[in-house]
Amino acid sequence: MDRIKRLSYEVLDGHKSKFGEDFAGNKKVLDQISIVRSKGLKNEIAGYITKFIKKEVREEKSKQARIAASKAEQQVAEPSEIETTEDAVIEETTEVVDTPENVEATSEETPSEIVEESTE
Numbered sequence: 001m002d003r004i005k006r007l008s009y010e011v012l013d014g015h016k017s018k019f020g021e022d023f024a025g026n027k028k029v030l031d032q033i034s035i036v037r038s039k040g041l042k043n044e045i046a047g048y049i050t051k052f053i054k055k056e057v058r059e060e061k062s063k064q065a066r067i068a069a070s071k072a073e074q075q076v077a078e079p080s081e082i083e084t085t086e087d088a089v090i091e092e093t094t095e096v097v098d099t100p101e102n103v104e105a106t107s108e109e110t111p112s113e114i115v116e117e118s119t120e
């Protein structure tokens, strides 16, 4: 297996742009670039190159998707956090000021009752 990897990397170093995700195409390119007398060895090298290229493409797509998702998440998170905090403050303020219980409690209590509550 090490010789397959080594030979594949040697071929890819010089001619990576010629290879793609297609095994048959990679096999033809390998025939043009090098002389491999063994059919089995040629197939193993072409297969490893195909596997390697597919893996690189898949990793690149997932990396781009993660970057796009994180950018979108940051753009969505920043404005919504600010709006949520402002809305929560406004709602809490209006609840304290406008609740009927607060209005009734302050109008029913006499000043002496308020003083007694504060001294206790």
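Residue 28 in UniProt numbering is what sits at position 28 of the sequence shown, and the numbering runs on without skipping anything.
Yeah, the Cβ is synthetic: ideal placement off N, Cα and C, and Gly gets one too.
Everything numeric in this text was worked out from a predicted model, so none of it was measured.
Beta-carbon proximity of residue i to residue j, cut-off 8 Å
i: K42; j: K27; result: yes
Contact belief for residue i with residue j at Cβ below 8 Å, rounded distance in angstroms
i: I45; j: L7; result: 6 Å
i: I33; j: H15; result: 5 Å
N-terminal and C-terminal residue of the alpha helix (DSSP H) that residue i is part of
i: G20; result: G20 -> no alpha helix (DSSP H), and no H or E assigned at all.
| message | Quick check: the segment 2-20 against the segment 41-60, are at least 3 beta-carbon pairs closer than 8 Å? | response | Flag = yes, the segment 41-60 and the segment 2-20 touch.
| request: Go through the segment 23-65 residue by residue and report every complete run of the beta strand (DSSP E) that reaches 3 residues or more, in order. | output: The qualifying runs do not exist here; there are none.
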